[in-house]
Amino acid sequence: MELSPGLNEALNQQILMEMHNQLVYMQISSHFEDLQLKNLAKYFEEQAKQEGEHAYKFMNYVNDRAGGKVSLGTVNMEALSFSTLEEVAKKYILAEEETTQSIEEIYDLAFFEKSYIDLGFIQEMLIEQVEEEDAAQNFGANLLGTNDIVLFDKEMG
Ligand SMILES: [Fe+2]
Ligand SMILES: [Fe+2]
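What follows is the structure in structure tokens.
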């Protein structure tokens with residue numbers, strides 16, 4: 035059964051969302067670089083790389099699926115600047131929560147269209163979000179709980 039146009043479009047949008055997340059984490063990484071917090075910078079560089087991998091997973095899936103066609107538009111990246119650690123933590127958690135919601139909507143669509151062949155892959159990407167959200171929540175709690183960011187950064191090394 036061929037990939038439906040609706041699901042194809044939703045998956046293409048998801049590729050762009052993962053690319054957007056990659057840019058968000060690159061920006062956060064650079065923020066920490068500016069502050070000479072090298073391990074925090076490295077942590078977000080790693081997160082950014084993972085978002086790139088997610089984008090490729092969605093891309094490869096669309097390419098593998100019968101009738102699937104990758105068509106990429108513009109990534110809507112907002113200008114970001116951070117003045118507090120809380121803002122960084124909030125952005126990180128929000129990005130992961132919105133990603134989960136977006137993939138859940140794709141799951142919903144596949145289910146509604148009875149495109150059961152796609153549920154496995156979408157679920158696999160959702161299961162990955164359990165870890166992603168957990169990491170973001172954990173990180174946020176630890177970051178906000180610290181009163182010495184330089185020491186916090188050192189301990190991450
Ligand atoms: Fe992701
Ligand atoms: Fe993520």
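Residue numbering for the sequence shown follows this note's numbering, starting at 35 and increasing by one per position.
For glycine and all other residues, C-beta sits at the position ideal for the given N, C-alpha and C.
For Met111, the closest of Glu43, Gln61, Gly154, Leu119 by C-alpha to C-alpha distance is Gln61.
Val104 and Val96 have their C-alpha atoms roughly 6 Å apart.
About 11 Å separates the CB atoms of Asp182 and Leu71; that is not less than 8 Å, and the two are not in contact. Look at Asn110 here: in three-state DSSP terms it is coil, with no helix or strand label.
Counting only residues of its own chain and dropping the five nearest sequence neighbours on each side, Ala89 has a CB closer than 6 Å to the CB of Ile49, Glu52, Met53. Between the alpha carbons of Tyr141 and Ala113 lies a gap of roughly 30 Å.
Residue environment analysis places Gln81 among the buried positions, since at least 16 neighbouring C-beta atoms fall within 10 angstroms of its C-beta. By the neighbour-count definition (other C-beta atoms within 10 Å, threshold 16), Asn55 is a buried residue.
Under the criterion of beta carbons closer than 8 Å, Leu177 and Leu106 do not qualify as touching, at roughly 33 Å. Approximately 26 Å separates the beta-carbon atoms of Leu57 and Arg99; this is outside 8 Å, ruling out the contact. Between Thr108 and Gln47, the alpha-carbon positions lie close to 10 Å from each other.
Per DSSP, Thr180 is not a residue of any alpha helix (DSSP H), being assigned neither H nor E. At the C-beta level, Gln163 and Ile127 stay beyond 8 Å of one another.
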